[in-house]
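Data block below; observations after.
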Amino acid sequence: MGAEVVVEGLTKSFGRQTIWRDVTLTLPPGEVSVMLGPSGTGKSVFLKSMIGLLKPDRGKCVINGVDIVSCSEHKLYEVRKLFGVLFQDGALFGSMNLYDNVAFPLREHTKKSETEIKRIVLEKMEMVGLTGAEKKLPGEISGGMRKRAGLARALVLDPEIILCDEPDSGLDPVRTAYLSQLLIDLNAQIDATILIVTHNINLARTVPDNLGMLFRRELVMFGPREVLLTSDEPVVEQFLNGRRMGPIGMSEEKDVATMAAEQAMADAGHHDGSTEDVRGVVPQLQPTPGLPERMGVRRRKDRVMSILHTLPPAAQEGIIESLTPEEQRRYGVRPHTMATVPAGRRPSPAPRGNLNSERIQGDLNVADIPPTQWQPPQHGPGGGA
Amino acid sequence: MFALGLDVVRGFFQRPFQFREFIQQSWFIASVSILPTALVAIPFGAVIALQLGSLVTQLGAQSFMGAASVLAIIQQAAPLVTALLVAGAGGSAMCADIGARTIREEIDAMEVLGVSAVQRLVVPRVLASMLVAVLLNGLVSVVGVLGGYFFNVVLQGGTPGAYLAGFSALAQLPDLWISEIKALIFGFIAGVVACYRGLHPAPGPKGVGDAVNQSVVITFLLLFFVNFVLTTVYLTVVPAKGS
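So, in structure tokens, the structure goes:
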């Protein structure tokens, strides 16, 4: 099982400029999480702080009982072996060809023989679709290939935690879809904890178990995907729909006058930039048939159901609707509005702001919840879960 | 920078040692600096011979010509010339290499893979520059003395026998030692400064260019200062011959 990452009150500033403050969240073991946020909100800085490349001003980041922020350098190197990190442009070693790049962690950290290394490297290269490019230098290949090679290198040590910094930037939609599938398949195979930082709405809606969003120097929300996907929070809503209308402006924040002017333009019929209303819970990406079931999904279901009553009504509705009838019976809940919908039918992505908690039936506090090791995270000012 | 220096010294004794990288870097630094060093060393010996030559002839001390030029070359000129070229040719290339890796996040990637960049990249480079400095120092001494000999004997009409006999008049074995120790320390400084500036460039390609520039300038300044200190200490500790 992947390692759990507990981040508490993390604050980072460069000089007098605060990047974000008091970020508190927990990446549950073996689950896939996505961190969203407009450009320049410090998502990459957050990733780098989590692996100890940048030193946060305050706070803790605990992995397997080791606090990355305050531990000794020797311990830090040990903990980092648990990580596989995909950097924005792959960060391959320019002086080595792709084969040596991917083999590098194996040669540094293991005593495997060259034949064994070759087998592992070729397997990972095939996984990311780079068979035949082993002898190429990073300078000779396209950005997308570099990115995939970077992923292969991040995977060779079978990490417990995988961090991806914008895996989709510079990739075409088809390759992004393949990459999303690859990450989900990986999670099913090695049960690693995965954190993806991205702008890609499609990826954010279909891939993760948990979603978070950074904006205005803090964590706006972090929680089960249903919470953000059904959220009425203006920032989250605007971002997920890719509209100009809302609090996010071209330069991070917008003032009231600009907002009013845009509202007036929109009222007059000017297009606001979004194509459709994409709120609502959509089906999650599943592992390729034939692969084992994702253990994280099961653990997450138990965890989410145990905190269900703390979630907003719209999210509750979305979660309950996504359960199969047997599961609904198991947890002792049933959807009110869609009780007659046959199993497998998913809710349409329509606005559901008019829902309220009375529509959820069943006594949620005494639901038949299987025992779980999971502890609810502490509520930070920005945390949604 | 001093912290990096300490880390590097600690890294000398830590395993695993990157032997391959060390050999590659040594070869690289040697290959870029041997020819310029030799070319600089010949005129250096010649200049000393020329300047001293006219002076000692007026004093009537031609027989000390060899002694003086050997002392000057071995004690001062050789380590400095070596270090300047190791820093200027090898160090700048090293700094640019590491700087480019830093801004392309390769160093970050390496750290994240659990490999210490100091251990993996910096230690072999610093050791290589130390080794090359010591070896080149020997070369510069020989070439410099030969250059001096050539100018003195062939162009200034000095006597070969007197020049050679003068070698041991003032120079002594500790002079050779201090020369090599200086070269060793200068090589260390050149390597550490180059790597430090390479690991901490200002962002962007221009930052790397500036870092290379600064690394060379800082190394030169440090070299002359350390040379002054070392020479003072040496002259106090080891009495000059004949006194």
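Going down the list, the protein sequences come from chains A and B. Take the first sequence: its letter number 281 is residue 281 in the UniProt record's numbering, and every next letter is one higher. Take the second sequence: its letter number 186 is residue 186 in the UniProt record's numbering, and every next letter is one higher. The C-beta atom is built at its ideal place from N, Cα and C for all residues, glycine as well.
- Taking the beta carbon of Arg-104/B as reference, the chain A residues within 8 angstroms of it are Asp-89, Ala-91, Gly-94, listed in sequence order.
- For the options Val-154/B, Gly-90/B, Val-112/B, Phe-19/B, the alpha carbon positioned closest to that of Leu-136/B is the one of Gly-90/B.
- A straight-line Cα-Cα distance of about 8 angstroms links Gln-181/A and Val-207/A.
- Remark: fewer than three beta-carbon pairs, one from each stretch, lie closer than 8 angstroms, so the segment 32-49 of chain A and the segment 303-310 of chain A are not flagged as touching.
- In its chain, beyond the 5 residues on either side, Cys-95, Ala-211, Gln-214, Ser-215 have a beta carbon closer than 6 angstroms to the beta carbon of Arg-197/B.
- Annotated as distal: Thr-26/A and Gly-9/A, with beta-carbon spacing of 7 angstroms or more.
- Scanning chain A for C-beta atoms nearer than 8 angstroms to the C-beta of Ser-129/B yields nothing, as the closest lies near 19 angstroms away.
- Under the 10 Å beta carbon count, Asp-267/A is surrounded by fewer than 16 other beta carbons and is classified as exposed.
- A contact between stretches requires three or more CB pairs, one per stretch, nearer than 8 angstroms, and the segment 40-59 of chain A fails this requirement with the segment 225-244 of chain A.
- Runs of the alpha helix (DSSP H) lying entirely within the segment 55-127 of chain A, each at least 4 residues long, are 73-80, 98-109, 114-127 in chain order.
- In the same chain as Asp-191/A, and ignoring 5 residues on each side of it, the C-beta atoms closer than 7 angstroms to its own belong to Met-1, Gly-2, Gly-30, Met-295, Gly-296, in chain order.
- Taking 9 angstroms as the cut-off between beta carbons, none of the residues of the segment 167-196 of chain B comes near chain A.
- For Pro-105/A, the residues of chain B that pass the 9 angstroms Cβ criterion are Leu-113, Gly-114, Val-115, in the order they occur in the chain.
- Within its own chain, the residues whose Cβ lies closer than 8 angstroms to the Cβ of Leu-230/B, once the five positions on either side in sequence are excluded, are Ile-178, Ile-181, Lys-182, Ile-185, listed in chain order.
- Setting aside the 5 residues that flank it on each side, Lys-112/A is surrounded in the same chain by Leu-106, each with a C-beta closer than 7 angstroms to its C-beta; the list follows chain order.
- Within chain A, no residue has its beta carbon less than 9 angstroms from that of Ala-211/B; the closest one is some 17 angstroms off.
- Identification of chain B residues near His-109/A by a Cβ-Cβ cut-off of 9 angstroms yields Leu-113, Gly-114, Val-115, ordered along the chain.
- Taking a Cβ-Cβ threshold of 9 angstroms, none of the residues of chain A is close to Ala-202/B; the smallest such distance is about 14 angstroms.
- No Cβ-Cβ contact shorter than 7 angstroms links Ile-201/A with Pro-287/A.
- Two segments are said to touch when three or more pairs of C-beta atoms, one from each, lie closer than 8 angstroms; by this definition the segment 39-52 of chain B touches the segment 132-151 of chain B.
- Buried is the label assigned to Asp-209/A, since at least 16 other Cβ atoms lie within 10 Å of its Cβ.
- Against chain B, the beta carbon of Tyr-77/A has neighbours under 9 angstroms at Glu-111, Gly-114, Val-115, Ser-116, listed in chain order.
- Asp-172/A and Ser-322/A have their C-alpha atoms some 30 angstroms from each other.
- Leu-53/A has a beta carbon lying within less than 7 angstroms of a beta carbon in chain B.
- Assignment of Ile-161/A by DSSP, reduced to helix, strand and coil, places it in the strand class.
- Secondary-structure assignment with DSSP links Leu-211/A through a beta bridge to Val-34/A, Gly-223/A.
- At a cut-off of 7 angstroms, the C-beta of Val-85/A has a neighbouring C-beta in chain B.
- Taking the Cα of Val-70/B as reference, the smallest distance to any Cα among Gly-187/B, Pro-160/B, Ser-141/B is reached at Ser-141/B.
- Taking a cut-off of 8 angstroms on C-beta distances, the segment 73-86 of chain A touches the segment 149-169 of chain A, as three or more cross pairs fall below it.
- Remark: C-beta atoms of Thr-219/B and Ala-87/B approach each other more closely than 7 angstroms.
- Sequence-distant Cβ neighbours of Thr-11/A in its own chain, meaning closer than 8 angstroms and more than five residues away, are Thr-18, Trp-20, Arg-21, Asp-22, Val-23, Pro-56, Asp-57, Arg-58, Gly-59.
- Distance between Leu-211/A and Val-5/A, taken at the CA atoms: about 15 angstroms.
- Excluding five sequence positions before and after His-109/A, the CB atoms of its chain that fall closer than 8 angstroms to its own CB belong to Lys-81, Leu-157, given in chain order.
- One Cα belongs to Gly-143/A, the other to Cys-61/A, and the distance between them is close to 32 angstroms.
- In summary, Val-233/B is exposed, with fewer than 16 beta-carbon neighbours lying within 10 Å of its beta-carbon over all protein chains present.
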